[in-house]
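**Q**
There are 2 protein chains.
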Amino acid sequence: MPDVKHFDPEAVLDSVEELFWRRGVASTGVQDIVSATGVNRSSLYSTFGGKRELYVAALRRYADRRSGPVFRRLAEDDRGLPAIADFFRALIRARCSGAHARWGCLVTNAHAGPEQDDPDVRSVLQDHHDRLRAAMCAALERARATGGLRPDIVPATSADVLALLAYGVNLRSRAGASPEALAETVTAVLASLATRPEEIR
Amino acid sequence: MPDVKHFDPEAVLDSVEELFWRRGVASTGVQDIVSATGVNRSSLYSTFGGKRELYVAALRRYADRRSGPVFRRLAEDDRGLPAIADFFRALIRARCSGAHARWGCLVTNAHAGPEQDDPDVRSVLQDHHDRLRAAMCAALERARATGGLRPDIVPATSADVLALLAYGVNLRSRAGASPEALAETVTAVLASLATRPEEIR
DNA sequence: GCTAACTTGGAACGACCATTCCAAGATGGC
DNA sequence: GCCATCTTGGAATGGTCGTTCCAAGTTAGC
Numbered sequence: 001m002p003d004v005k006h007f008d009p010e011a012v013l014d015s016v017e018e019l020f021w022r023r024g025v026a027s028t029g030v031q032d033i034v035s036a037t038g039v040n041r042s043s044l045y046s047t048f049g050g051k052r053e054l055y056v057a058a059l060r061r062y063a064d065r066r067s068g069p070v071f072r073r074l075a076e077d078d079r080g081l082p083a084i085a086d087f088f089r090a091l092i093r094a095r096c097s098g099a100h101a102r103w104g105c106l107v108t109n110a111h112a113g114p115e116q117d118d119p120d121v122r123s124v125l126q127d128h129h130d131r132l133r134a135a136m137c138a139a140l141e142r143a144r145a146t147g148g149l150r151p152d153i154v155p156a157t158s159a160d161v162l163a164l165l166a167y168g169v170n171l172r173s174r175a176g177a178s179p180e181a182l183a184e185t186v187t188a189v190l191a192s193l194a195t196r197p198e199e200i201r
Numbered sequence: 202m203p204d205v206k207h208f209d210p211e212a213v214l215d216s217v218e219e220l221f222w223r224r225g226v227a228s229t230g231v232q233d234i235v236s237a238t239g240v241n242r243s244s245l246y247s248t249f250g251g252k253r254e255l256y257v258a259a260l261r262r263y264a265d266r267r268s269g270p271v272f273r274r275l276a277e278d279d280r281g282l283p284a285i286a287d288f289f290r291a292l293i294r295a296r297c298s299g300a301h302a303r304w305g306c307l308v309t310n311a312h313a314g315p316e317q318d319d320p321d322v323r324s325v326l327q328d329h330h331d332r333l334r335a336a337m338c339a340a341l342e343r344a345r346a347t348g349g350l351r352p353d354i355v356p357a358t359s360a361d362v363l364a365l366l367a368y369g370v371n372l373r374s375r376a377g378a379s380p381e382a383l384a385e386t387v388t389a390v391l392a393s394l395a396t397r398p399e400e401i402r
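Residue numbers (the numbering used here), protein chains in the order written: chain F, 1 to 201; chain B, 202 to 402.
Take a look at the structure:
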């Protein structure tokens, strides 16, 4: 009976995610979203709530659709350390070149801003962190199973190390760190985990 | 001949540094600075320039007076790995408890915001990063000299690892990471560098 | 005590902020 | 074609933003 929406909310969230990712929450106004999407303010507010809700939705979307699949692939990859090496290779490439070069990671960026003390945001951060750690841990356990991990390495603890390392890569890539230097840093960490250096590939 | 300043610019910068540190650049208005310092807008503008200049000055001050001495102490400490362990112990304590708990590091935070593409800000970030790496590298070379470092460890590369780790600690502590978990993560990295586990203390 | 030089208080600026409101428009079922 | 129902356009809200401006106040040298 009623009128139907004249736009695709999912497509709007895509644009919003990109805006917040590239320019940050504080620097992105509702007007910017209106301009970028072509959707009217009223429609934005009636559909999503407000700026805060838009940000949380975009953040959740980023964690689900961008980080999520990557983490899942890592967790399901049964090669062990080479899987982790590939993860970091792809990460560094995405952070330093291509369409999103020097944008960092939306979730990582959220850690550093005032937005992180919003409970909804905080829960996305925690969830994201747990999933990253779990994926790392799974990959390390594969490495252990195939004998690729040094005997004194504890997967759960080293998963934390690798997670923090990923945040570091996300951060420093924003300031223009060279992909080569980042790759060397990552390789050094992986070498400290491997029984044989060639394990990392 | 002229009138003299009725306030201490250094004291103002102290307050400004704290405001930007705690609440972030974007969320801190000039009005907040006026209220916190009691110094009039006109005086602020005629003395410092504007908000951008105030932020850059505060950031530089943070790097010089907060990070600087800590880096210097680390670089001059001749104990090797225990010096690095102490550095991280103090870092974690400062980030997770006390007056600045969960504030993170002003320089680390600057990486994630839109302020980082200001050339002046960028140069502070680069300088800060270089000094952190150099201090880590110096400490690692001491460890090498005293035989505390595994033979396959390259100080310069591991310095990069430790620097990224420090950024990771700064970031995650903001989201409420437990000091115990962070300490365990750091210990795992240090253990991978040491010839003998007891080297870390 | 006068004056030149600088600081200070406080109002005012225009631009932008997120949000609200309502009349006008569009739609699907009858 | 009509109506109930939702969406849309666009103006308007009150607030805050960073910055500017100028008159009034304060000081040191003469």
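For each residue, glycine too, the CB sits at the ideal point set by N, CA and C.
Just so you know, these numbers come straight off a predicted model, no measurement behind them.
Which whole-angstrom value is the C-beta distance of residue 351 (chain B) and residue 394 (chain B), which I expect to be below 8 Å?
**A** 6 Å
**Q** In whole angstroms, give me the CA-to-CA distance for residue 121 (chain F) and residue 303 (chain B).
**A** Their backbone Cα atoms lie some 15 Å apart in a straight line.
**Q** Tell me which residue opens and which closes the alpha helix (DSSP H) that residue 186 (chain F) is part of.
**A** 179-193 is the extent of the alpha helix (DSSP H) around residue 186 (chain F).
**Q** The region 71-84 of chain F: which residues have C-beta closer than 8 Å to a C-beta of chain B, in chain order?
**A** none
**Q** So, are the CB atoms of residue 340 (chain B) and residue 293 (chain B) less than 8 Å apart?
**A** no
**Q** Is residue 171 (chain F) near residue 263 (chain B), with beta carbons less than 8 Å apart?
**A** Note that the C-beta distance between residue 171 (chain F) and residue 263 (chain B) is not below 8 Å.
**Q** Assuming residue 200 (chain F) and residue 185 (chain F) make a contact with CB atoms under 8 Å, what is their CB distance in whole Å?
**A** Not confirmed; about 13 Å, so no contact.
**Q** Are the region 131-145 of chain F and the region 372-383 of chain B touching by the rule of at least three beta carbon pairs closer than 8 Å?
**A** With the cut-off at 8 Å, the region 131-145 of chain F and the region 372-383 of chain B do not touch.
**Q** So residue 313 (chain B) and residue 333 (chain B) are supposed to be a Cβ contact under 8 Å. How far apart are they, rounded?
**A** Between the beta-carbon of residue 313 (chain B) and that of residue 333 (chain B) there is about 17 Å, and that puts the pair past the 8 Å contact cut.
**Q** For residue 315 (chain B), go through chain F and note every residue whose CB falls closer than 7 Å to its CB, in chain order.
**A** Result: 23, 24, 27.
**Q** Show which residues of chain F have a CB atom less than 8 Å away from the CB atom of residue 423 (chain B).
**A** Lying outside 202 to 402, the shown extent of chain B, residue 423 (chain B) is not represented and no answer is given.
**Q** Spatial neighbours of residue 81 (chain F) within its chain, please: C-beta separation below 7 Å, excluding the five flanking residues on both sides.
**A** 143, 148, 190, 193, 194, 199, 200
**Q** Is it a yes or a no for the region 322-331 of chain B touching the region 251-265 of chain B, going by three-plus beta-carbon pairs under 8 Å?
**A** yes
**Q** Would residue 225 (chain B) and residue 310 (chain B) be called neighbours here (beta carbons separated by less than 8 Å)?
**A** Yes.
**Q** With a cut-off of 8 Å, does the C-beta of residue 219 (chain B) fall near any C-beta of chain F?
**A** no
**Q** Of all Cβ atoms in chain B, is any one closer than 8 Å to the Cβ of residue 195 (chain F)?
**A** no
**Q** Take the Cβ of residue 361 (chain B) as the centre, count every other Cβ of all protein chains shown within 10 Å, and call the residue buried at 16 or more, exposed below.
**A** buried
**Q** Taking a contact to mean a Cβ-Cβ separation below 8 Å, would you say residue 366 (chain B) touches residue 106 (chain F) in this structure?
**A** no
**Q** Spell out whether any CB of chain F is found under 8 Å from the CB atom of residue 393 (chain B).
**A** yes
**Q** Look at the Cβ atom of residue 235 (chain B), then the Cβ atom of residue 213 (chain B), and state whether they are nearer than 8 Å.
**A** The answer is no: Cβ separation not under 8 Å.
**Q** Taking the C-alpha atoms as reference points, what is the distance between residue 380 (chain B) and residue 290 (chain B)?
**A** Put simply, the backbone Cα of residue 380 (chain B) is about 9 Å away from that of residue 290 (chain B).
**Q** Under 8 Å, Cβ to Cβ, is there at least one residue of chain B near residue 91 (chain F)?
**A** Cβ-Cβ to chain B under 8 Å: no for residue 91 (chain F).
**Q** Could you check whether the Cβ of residue 170 (chain B) sits closer than 8 Å to any Cβ belonging to chain F?
**A** Residue 170 (chain B) lies beyond the stretch modelled for chain B, which goes from 202 to 402, so this question has no answer here.
**Q** Here's the rule I'm using: 16 or more other beta-carbon atoms within 10 Å means buried, otherwise exposed. How should residue 305 (chain B) be labelled?
**A** buried
**Q** Return no unless some Cβ of chain B is closer than 8 Å to the Cβ of residue 50 (chain F).
**A** no
**Q** Looking at chain F, which residues of the region 319-330 of chain B have a Cβ within less than 8 Å of any of its Cβ atoms?
**A** 323, 326, 327, 330
**Q** Can you name, in chain order, every residue of its own chain whose Cβ lies under 7 Å from the Cβ of residue 342 (chain B), other than the five neighbours on each side?
**A** Around residue 342 (chain B): 356.
**Q** Given this structure, state the Cα-to-Cα distance separating residue 174 (chain B) from residue 99 (chain F), to the nearest angstrom.
**A** Nothing can be reported for residue 174 (chain B), as the shown portion of chain B is limited to 202 through 402.
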